[in-house]
Each structure stands twice: as structure tokens, then as C-alpha cells.
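In my numbering, the protein residues as written are 9 to 255.
Cβ coordinates follow ideal geometry from the N, Cα and C atoms, glycine included.
To keep things clear, I will list the structure first and then write my remarks on it.
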Ligand SMILES: Nc1nc2c(ncn2[C@@H]2O[C@H](COP(=O)(O)OP(=O)(O)OP(=O)(O)O)[C@@H](O)[C@H]2O)c(=O)[nH]1
Ligand SMILES: [Mg+2]
């Protein structure tokens with residue numbers, strides 16, 4: 009039973025998947041969720057040593073991540089590290105996420121990219137997205153679209169009932185984290201762009217992103233308006249967490 013698992017959602021990633029799996033496996037066991045790829049992604053991932061979960065039809069990155077989280081929960085994992093299969097996330101940084109998890113008892117650790125190192129179109133999209141989503145959350149959120157992240161077991165359980173099946177699942181996850189009182193941490197990561205093809209369909213993404221930002225704004229407003237629950241002393245909170253995890 010592995011304590012940690014890397015979950016890699018992959019859609020037509022035959023060009024990069026072998027290398028990503030081989031590098032990630034140096035640190036943790038790897039599960040690739042092949043989301044209806046039309047190429048050799050699943051076969052290559054398996055021969056590189058990953059477990060492979062195959063979804064027959066393409067269901068979107070969010071749906072693929074949730075399928076991976078369900079498998080990790082069934083395996084009894086303490087946490088998962090999600091990373092992209094397109095080579096934009098350096099698996100050698102997995103240790104940083106584990107360190108933040110252990111030292112800060114974080115439920116969600118997000119790899120923060122440096123927008124200045126992105127090609128102009130991605131820099132613009134990420135900067136606008138950061139502004140809009142920070143407004144929705146009511147606090148600065150430095151990088152809401154980074155797919156390199158660690159989730160604790162209890163936080164995986166908290167995001168399973170999301171209805172977002174595309175890229176917006178990762179954006180909504182931030183609202184679920186802060187609205188639910190989970191611990192959020194950031195770790196700087198390398199920003200890698202080497203001309204990989206993007207699966208993002210710009211117009212569809214913009215519409216969905218604005219929808220999720222608006223939903224988030226309403227969610228955060230409702231929380232601000234509701235009476236505050238009394239905070240338990242830290243020791244009781246830890247006992248409560250331990251009890252929940254043991255269940
Ligand atoms: N399971 C699944 N994974 C997907 C899908 N679309 C993209 N992915 C995976 O999600 C990861 C990120 O996809 P990208 O299209 O590179 O998106 P991005 O990295 O946010 O955007 P860029 O900055 O343009 O690279 C990759 O590992 C893809 O294979 C999908 O429909 N299903
Ligand atoms: Mg990418």
C-alpha cells in the first residue's frame with residue numbers, strides 16, 4: 009500500500025509520457041489516467057512502469073483527476089501528487105511537495121509558476137485569470153491554473169463530488185480548500201514551455217473560467233455572510249483530523 013502516488017492525467021501524450029513516468033517513478037509509484045487517447049499513451053505509460061487507468065471516451069482533465077484520486081483512496085494513499093503528462097512539470101520537484109505536506113500539514117500544495125517565463129499568450133491568459141480569480145476569492149491567489157499539486161487524503165475526498173470535468177476542476181479546488189477550512193500551501197516550481205501543443209480550447213476555457221469564478225464569488229460571499237463557527241483549539245482540531253483519517 010503506497011503512502012504517496014503520482015497521478016498523471018494524459019490525453020494524447022505519447023511524445024512525453026515515457027520520460028515523465030520514468031522520472032516520477034524515482035520518487036513515488038505512478039498512476040497514469042489515459043483519458044480516451046487516440047495515440048499510444050496508455051501502452052507507453054505501462055511499459056515505462058506506470059499503473060494505467062483507461063477511460064474509453066475523453067472525459068476531460070478534471071474527470072480524469074477524480075478517477076485517479078478514487079484509485080488512490082482505494083489504495084489507502086495518504087496523499088497524491090498530480091502532475092501533467094506533457095513534460096511541463098519537472099518530476100524532480102516531487103520532493104518539494106512532500107516536504108510542504110509533511111512540514112506544514114498542508115491539504116493542498118500548489119506549484120507556483122513564474123508567469124514571466126511563459127510565452128506571451130499563456131502569460132496573458134494566466135495573468136488575467138489570476139486577477140479575476142483573486143477578485144472572486146477575495147484574496148490574492150498567485151497561480152490558480154497550475155496542474156502540479158499535492159492533495160491530502162481528506163482533501164481528495166472533499167473534491168470528489170465536484171461536477172467540473174474540465175480544466176476548471178483545478179480552479180474550483182482552491183475555493184473548496186479555503187471555503188472548507190483546509191490548509192493551503194505554495195511551493196515555487198520551474199516554468200517549462202518548449203512548444204508543447206495545448207489541449208485548451210481558448211473560447212470554451214474562457215467561458216468556463218468566468219462561470220467558475222462567478223460561482224466562487226457567490227460561494228465566498230455566502231461564507232462571509234454566515235455566522236462564524238467557533239474555532240476549536242489546535243489540539244482538538246488535530247485529534248478530530250486524526251479521527252477522521254482513521255475512519
Ligand atoms: N485526462 C485528460 N487529460 C487532459 C485532457 N486535456 C488535457 N489533459 C492533460 O492535462 C495536462 C495539461 O494539459 P494542457 O493542454 O497542456 O494544459 P495546460 O498545461 O494547462 O496548458 P498550457 O499552458 O497551454 O500547456 C496534460 O497532461 C494533458 O495530457 C483531457 O481532456 N483529459
Ligand atoms: Mg501543458
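Quick check on the DSSP output: the beta strand (DSSP E) that includes residue i runs from which residue to which?
i, result
"residue 42", "38 to 43"
"residue 130", "Where residue 130 is concerned, there is no enclosing beta strand (DSSP E), although the alpha helix (DSSP H) it sits in stretches over 128 to 145."
"residue 157", "157 to 160"
"residue 87", "87 to 90"
Taking DSSP as the reference, what is the three-state secondary structure of residue i?
i, result
"residue 113", "coil"
"residue 70", "helix"
"residue 106", "helix"
"residue 121", "coil"
"residue 16", "strand"
"residue 244", "helix"
"residue 34", "coil"
"residue 172", "coil"
"residue 97", "coil"
"residue 254", "helix"
"residue 151", "coil"
Spell out the partners DSSP gives residue i in its beta bridges.
i, result
"residue 10", "Bridge partners of residue 10: none, in fact."
"residue 63", "43"
Ligand 1 and residue i: does the residue's C-beta get closer than 6 Å to at least one heavy atom of that ligand?
i, result
"residue 68", "yes"
"residue 115", "no"
"residue 213", "no"
"residue 206", "yes"
"residue 72", "yes"
"residue 172", "no"
"residue 130", "yes"
"residue 176", "no"
"residue 21", "yes"
If contacts are defined as beta-carbon pairs under 8 Å, then residue i and residue j qualify, I think. What distance do you get, rounded to the angstrom?
i, j, result
"residue 14", "residue 89", "5 Å"
"residue 63", "residue 47", "Their Cβ separation, rounded to whole angstroms, is 15 Å, which puts residue 63 and residue 47 out of contact at 8 Å."
"residue 86", "residue 161", "6 Å"
"residue 71", "residue 173", "4 Å"
"residue 204", "residue 96", "6 Å"
"residue 183", "residue 224", "4 Å"
"residue 120", "residue 195", "7 Å"
"residue 73", "residue 10", "That belief does not hold up - the Cβ atoms of residue 73 and residue 10 are roughly 18 Å apart, past 8 Å."
"residue 137", "residue 152", "6 Å"
Does the Cβ of residue i lie closer than 6 Å to at least one heavy atom of ligand 2?
i, result
"residue 260", "Residue numbering for the chain in the displayed model covers 9 to 255; residue 260 lies beyond these limits and cannot be assessed."
"residue 94", "yes"
Under DSSP, the alpha helix (DSSP H) around residue i begins and ends at which residues?
i, result
"residue 196", "From DSSP, residue 196 is part of no alpha helix (DSSP H) but of the beta strand (DSSP E) over 192 to 196."
"residue 182", "176 to 187"
"residue 53", "49 to 55"
"residue 216", "210 to 233"
Say the cut is 6 Å; is the CB of residue i nearer than that to a heavy atom of ligand 3?
i, result
"residue 17", "Ligand 3 is absent from the structure shown, which contains only ligand 1 and ligand 2."
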